[in-house]
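Chemist: Handing you a structure now.
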Amino acid sequence: MQLNLNNIRSSKFVDLSEPEILDIVIEALKIAKYEFTNNHHLNVSFVSPEEMQLLNKTYRNSNKPTNVLSFEIPQNFPTGENKTLIGEIALCEEVILKESKKYKKIFENRLKHMIIHGLLHLIGYDHQDAEETSKMERLEKEIMNKLSAGDPY
350 MQLNLNNIRS SKFVDLSEPE ILDIVIEALK IAKYEFTNNH HLNVSFVSPE
400 EMQLLNKTYR NSNKPTNVLS FEIPQNFPTG ENKTLIGEIA LCEEVILKES
450 KKYKKIFENR LKHMIIHGLL HLIGYDHQDA EETSKMERLE KEIMNKLSAG
500 DPY
């Protein structure tokens, strides 16, 4: 499993290192029983509120910044190498920081939750109805507990 981080060095709040983020991703994939190899790649980008608002407006028709967005990569997408691109996760640390204060959560734990949430969307989980939501939230809680990051809700 390989991770490609974008804009983490310009981050104001993120205290997680690339190896720590990779550990979160690997643990989440294992618990979700998603089969992966060293040829699997995931892009994670930290974006400004303005960038996130533009992404959210473009892809979800919502004209405001959000905490996390996930972008699936079509299976036939040419990578030019022998690798499988899982997708891309865009995170907005300013929104996540506001939410961590609002929900009385530690910022780092809220960030872990959003990484997990975005990743689960990429591997097929969703929250469009009560049953899907329940399944996804149970898995998020299990992963967060395994990471000693507390109940995300």
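Its first residue numbered 350, the sequence shown is counted upward by one per residue in our numbering.
Backbone N, C-alpha and C define an ideal beta-carbon position, used for all residues, glycine too.
In this structure, does DSSP put T415 in helix, strand or coil?
Modeler: If you number the sequence shown from 1, residue 415 lands on position 66. In the structure shown, T415 sits in coil (DSSP, three-state: anything other than H, G, I, E or B).
Chemist: Between P398 and Y383, what straight-line distance do the alpha-carbon atoms span, to the nearest angstrom?
Modeler: If you number the sequence shown from 1, residue 398 lands on position 49. If you number the sequence shown from 1, residue 383 lands on position 34. Whole-angstrom Cα-Cα distance: 31 Å.
Chemist: Reducing DSSP to helix, strand and coil, say where A381 ends up.
Modeler: Walking along the sequence shown from the start, residue 381 turns up at place 32. In this structure, A381 counts as coil in the three-state DSSP scheme.
Chemist: Under 8 Å Cβ to Cβ from L496, same chain only, skipping five residues before and after it: list those, please.
Modeler: Translated into the one-based positions of the sequence shown, residue 496 becomes position 147. The residues are I373, E376, K461.
Chemist: My understanding is that N365 touches E457, with C-beta atoms under 8 Å, so please give their C-beta distance in whole angstroms.
Modeler: As a position in the sequence shown, residue 365 is number 16, starting the count at 1. As a position in the sequence shown, residue 457 is number 108, starting the count at 1. Looking at the sequence shown, residue 365 is not Asn but Leu. With a Cβ gap of about 7 Å, L365 and E457 count as contacting.
Chemist: Please classify A479: does DSSP put it in a helix, a strand, or coil?
Modeler: Along the sequence shown, read from residue 1 onward, the residue named residue 479 stands at position 130. In the structure shown, A479 sits in a helix (DSSP, three-state: H, G or I).
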